[in-house]
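Have a look at the structure below before the remarks.
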Amino acid sequence: KRVLSIVGARPQFIKAFPVSRALDGEHQETVVHTGQHYDAMLSDVFFEELDIPEPAYNLGVGSGSHADQTGRMMIELDSVMAAESPDVVIVYGDTNSTLAGALVAAKRSASLVHVEAGLRSGNRAMPEEHNRIATDHLADVLIAPTERAVETLRAEGVGGEVHETGDVMYDALLYVRNRASELSTLRSDLGIDSTEYVLATIHRAGNTNDRDRLAGIVEGLASVDIPVVVPIHPRTEQALHEYGLFETANEQLTIIEPVGYLDFVHLLDGAALVATDSGGVQREAFYLDTPCVTMRDETEWVQTIDCGWNTLVGADRSRISRALARIDTPATKPQLYGNGQAAPRVAEVIADA
Ligand code: UD1
Ligand code: UDP
Numbered sequence: 003k004r005v006l007s008i009v010g011a012r013p014q015f016i017k018a019f020p021v022s023r024a025l026d027g028e029h030q031e032t033v034v035h036t037g038q039h040y041d042a043m044l045s046d047v048f049f050e051e052l053d054i055p056e057p058a059y060n061l062g063v064g065s066g067s068h069a070d071q072t073g074r075m076m077i078e079l080d081s082v083m084a085a086e087s088p089d090v091v092i093v094y095g096d097t098n099s100t101l102a103g104a105l106v107a108a109k110r111s112a113s114l115v116h117v118e119a120g121l122r123s124g125n126r127a128m129p130e131e132h133n134r135i136a137t138d139h140l141a142d143v144l145i146a147p148t149e150r151a152v153e154t155l156r157a158e159g160v161g162g163e164v165h166e167t168g169d170v171m172y173d174a175l176l177y178v179r180n181r182a183s184e185l186s187t188l189r190s191d192l193g194i195d196s197t198e199y200v201l202a203t204i205h206r207a208g209n210t211n212d213r214d215r216l217a218g219i220v221e222g223l224a225s226v227d228i229p230v231v232v233p234i235h236p237r238t239e240q241a242l243h244e245y246g247l248f249e250t251a252n253e254q255l256t257i258i259e260p261v262g263y264l265d266f267v268h269l270l271d272g273a274a275l276v277a278t279d280s281g282g283v284q285r286e287a288f289y290l291d292t293p294c295v296t297m298r299d300e301t302e303w304v305q306t307i308d309c310g311w312n313t314l315v316g317a318d319r320s321r322i323s324r325a326l327a328r329i330d331t332p333a334t335k336p337q338l339y340g341n342g343q344a345a346p347r348v349a350e351v352i353a354d355a
């Protein structure tokens, strides 16, 4: 099949990596990068580290309002699809690049495959929630990581065919885990020689667009007496400056540039705990047996909460502080998101699509 894979934001490069590997040899894949993420450490680094095919197109769309960004992506993607006439279009996750790709594929009657279908936070104020719902209802083939996601899709009455495969991010992690511990020198570069540190990431619109929430997060993180390493998303760095919080945050936390995937996996693997508002990091923590504290009011990855490996704390200083002070590592861990062989299943499903 002629497959057009649409990516644009950091987590999508990582999700596309195992799928591209599985498609290789079976299908003819063309990768389109929308340009939603463009800083070298949010984009190029992943193409250098992981064997994802070099994008045949980079649409260079960049940042903007949701409408502006999504609209410009749609116009550019329409030309690409006209030129490539793909049999199948793959979109990943829940970003504006996902939605733009889904809308254009649906209007052009290409078969649309949505990888990571059926996730819901229940929070309709989240931009990602609009993107997921719309994409799931446009998709012809829905690749769901869990049975729960399958049930959600059935309950919503989606029109496409639904397949449960497990999580492709688990595949990605298993591919790089050993390489990460061999190659990454970041922990020693940072002077961290034990597991006595917390890793933290923050980028969610709901946290960065609200001064009180971001201040609560910084204060909560700063309350622990071990180092807190924060590879900072540019959006969060800008927000900290805008709210006059950067200096304090920079004094109390170990703020570093965003890091590549190998360095990130190595940092996460070694951390005593991770505090995050990321979707990907919540489950990578779970795969690596690192307890997670999620600085949001709700999550799409509820089973990690149910089994005790993840704790929801919102953006409240004292809740974050209490959760960081009490590191609970449950004695057991269920297999929630498949066996790390999701991507080959995706390739099989595409062969039949
Ligand atoms: C996007 C996704 C989010 C995903 C995240 C992964 C949407 C609506 N949001 O959020 O679901 O979790 O990516 O990281 O699609 N910026 C830079 N350099 C870059 C990219 C962005 O400086 O390379 C700054 C710009 O100021 C930009 C802001 O970050 O306005 C937000 O970027 P954007 O792509 O709109 O959303 P993210 O917050 O990255
Ligand atoms: N990640 C990374 N470097 C960083 C922070 C995160 O490589 O500095 C990786 C992380 O391992 C995960 C993905 O980026 O695979 C998560 O992306 P992000 O948190 O930006 O997006 P989300 O998953 O919330 O959509």
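If you want full-length UniProt numbering, it's the 1-based position in the sequence shown plus 2.
The beta-carbon is built from N, C-alpha and C at its ideal position, and this holds for glycine as well.
Computed from a predicted model, the values in this text were never measured in an experiment.
Rounded to the nearest angstrom, what separates residue i and residue j at their Cα positions?
| i | j | result |
| --- | --- | --- |
| H132 | G124 | 10 Å |
| M43 | Y263 | 10 Å |
| F19 | H35 | 13 Å |
| A349 | L247 | 46 Å |
| E184 | D169 | 25 Å |
| A335 | Q14 | It should be pointed out that residue 335 corresponds to Lys in this sequence rather than to Ala. Roughly 26 Å between the two C-alpha positions. |
| L25 | P88 | 14 Å |
| V304 | S280 | 13 Å |
| T72 | G66 | 9 Å |
| Q254 | A224 | 6 Å |
| Q343 | L216 | 37 Å |
| S196 | T187 | 13 Å |
| T238 | V226 | 20 Å |
| D191 | L269 | 12 Å |
| D189 | A151 | What sits at residue 189 in the sequence shown is Arg, not Asp. Looking at the two C-alpha atoms, the distance is approximately 36 Å. |
| Q30 | E86 | 11 Å |
| I257 | E249 | 11 Å |
| S99 | R321 | 34 Å |
| T148 | V164 | 11 Å |
| L155 | L101 | 17 Å |
| V117 | D173 | 13 Å |
| S111 | Q240 | 40 Å |
So if DSSP puts residue i in a beta bridge, which residue, or which two residues, is it bridged to?
| i | result |
| --- | --- |
| R4 | Q30 |
| N60 | H35 |
| H165 | I145 |
| A277 | A202, V295 |
| I258 | P233 |
| T100 | Partner(s): none; T100 has no beta bridge. |
| S113 | V90 |
Does DSSP put residue i in a helix, a strand or coil?
| i | result |
| --- | --- |
| Y94 | strand |
| E118 | coil |
| V47 | helix |
| P336 | coil |
| P233 | strand |
| T292 | coil |
| L52 | coil |
| V82 | helix |
| V9 | strand |
| N312 | strand |
| Y245 | coil |
| M128 | coil |
| L192 | coil |
| Y40 | coil |
| T341 | The question names Thr, but residue 341 in the sequence shown is Asn. Residue state, collapsed to three classes: coil. |
| V304 | helix |
| S225 | coil |
| N211 | coil |
| A287 | helix |
| residue 1 | The displayed coordinates of the chain run from 3 to 355. Any statement about residue 1 would go beyond what the structure contains. |
| R328 | coil |
Please state whether the Cβ-Cβ distance between residue i and residue j is less than 8 Å.
| i | j | result |
| --- | --- | --- |
| I219 | I204 | yes |
| residue 409 | A325 | This structure cannot speak to residue 409, because the chain is shown only from 3 to 355. |
| G162 | S323 | no |
| M171 | R285 | yes |
| L140 | M83 | no |
| G37 | L61 | yes |
| L275 | I194 | no |
| V143 | A355 | yes |
| V115 | I307 | no |
| A136 | A104 | yes |
| R12 | F49 | no |
| Y94 | V9 | yes |
| R122 | D96 | no |
| Y199 | P229 | yes |
| L175 | Y289 | yes |
| V267 | R213 | no |
| D345 | R23 | The sequence as given places Ala at residue 345; Asp does not occur at that position. Yes, the pair counts as a contact, with Cβ atoms nearer than the cut-off. |
| V33 | I16 | no |
| E51 | V63 | no |
| V283 | M297 | no |
Using a Cβ-Cβ distance under 8 Å, would residue i count as near chain D?
| i | result |
| --- | --- |
| E51 | Going by chain labels, chain D is absent from the structure shown, which holds only one protein chain. |
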